[in-house]
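So in our numbering, spot 139 of the sequence shown is number 137, and the numbers just go up one at a time.
Every residue gets a Cβ at the ideal spot worked out from N, C-alpha and C, and that includes glycine.
Everything below concerns the one structure shown next.
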Amino acid sequence: NQSIEEIINSWSSALEKDASNFASEAKRVAAWDSVLRDSTRSISELTDNVSRLLLQQNEVDRTLGNVSSYQEELCHSLGNLEAEVDGMFAGQGGEQPQDADIQREQAYQRVIDVSVRLRGIQSSVDGVVGDLNAAQEKTNGEGSLGQIVAILNAHYETLNRLEASTRDIEDGLRE
């Protein structure tokens, strides 16, 4: 039989062992909690980045739609212009082309050049959309987002230059 002092010593020893185990488990739980908080913060940042990318992609899609509709209008105008020129040449018979005919032909060639440029821009914008989609899957931080914004800005400036060039050509056609 054990004395009261031996029983108390046994309980004290068991209590110290359990307290040590509890402290060890508490440290592990605290480490897991820290990892969870960091992961939550990272997920929140990633969600914000993805939201921004989706907004930018919507803007690119809208711009691409505008370019596409402009290109369709241009193709329609080209078709009408071509039919008109063909009718004029058919009506002339064997006559030599006049200065106005030569100017129309030059204007027509400019319109074809603009159409080719628009197709190139549309292809470029399609590439940007593809890049955005790829970046959206890989986004880890602001560095990637900054690159995407730079790409979008470059393409936006290209579209603005193309629009200005198209306006110049249209003004030249009107003269």
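Suppose the cutoff is 8 Å on Cβ atoms and the five residues either side in sequence are ignored; what does the same chain contact list for residue i look like?
i	result
GLY174	Any question about residue 174 goes unanswered here, given that the chain covers just -1 to 173.
LEU62	GLN120, VAL123, ASP124 and VAL127
LEU157	THR61, VAL65, ILE119 and VAL123
SER75	VAL109
By DSSP, does residue i sit in helix, in strand, or in coil?
i	result
GLN101	helix
ASN(-1)	coil
GLN96	coil
THR164	helix
Enumerate in chain order the residues of its own chain whose CB-to-CB distance from residue i is below 7 Å, with the five nearest sequence positions on each side excluded.
i	result
PHE87	none
GLY139	Reliability fails at GLY139, whose pLDDT of 49 lies under 50, so the model's placement of it is uncertain and the value that follows must be treated cautiously. No residues qualify anywhere along the chain.
HIS153	SER122, VAL123 and VAL126
Is it buried or exposed, residue i, if we count other Cβ atoms within 10 angstroms and call 16 or more buried?
i	result
GLN104	exposed
VAL58	buried
ASN56	exposed
GLN54	buried
LEU13	exposed
Margin query: If contact is defined by three or more beta carbon pairs under 8 Å, each pair taking one atom from either stretch, is the region 164 to 173 in contact with the region 103 to 115?
Written below: Segment contact: the region 103 to 115 against the region 164 to 173, three or more CB-CB distances shorter than 8 Å; contact assigned.
Checklist line | the region 72 to 88 in contact with the region 7 to 23 per 3-pair CB rule at 8 Å | finding: No: the two stretches stay apart, fewer than three of their Cβ pairs being nearer than 8 Å.
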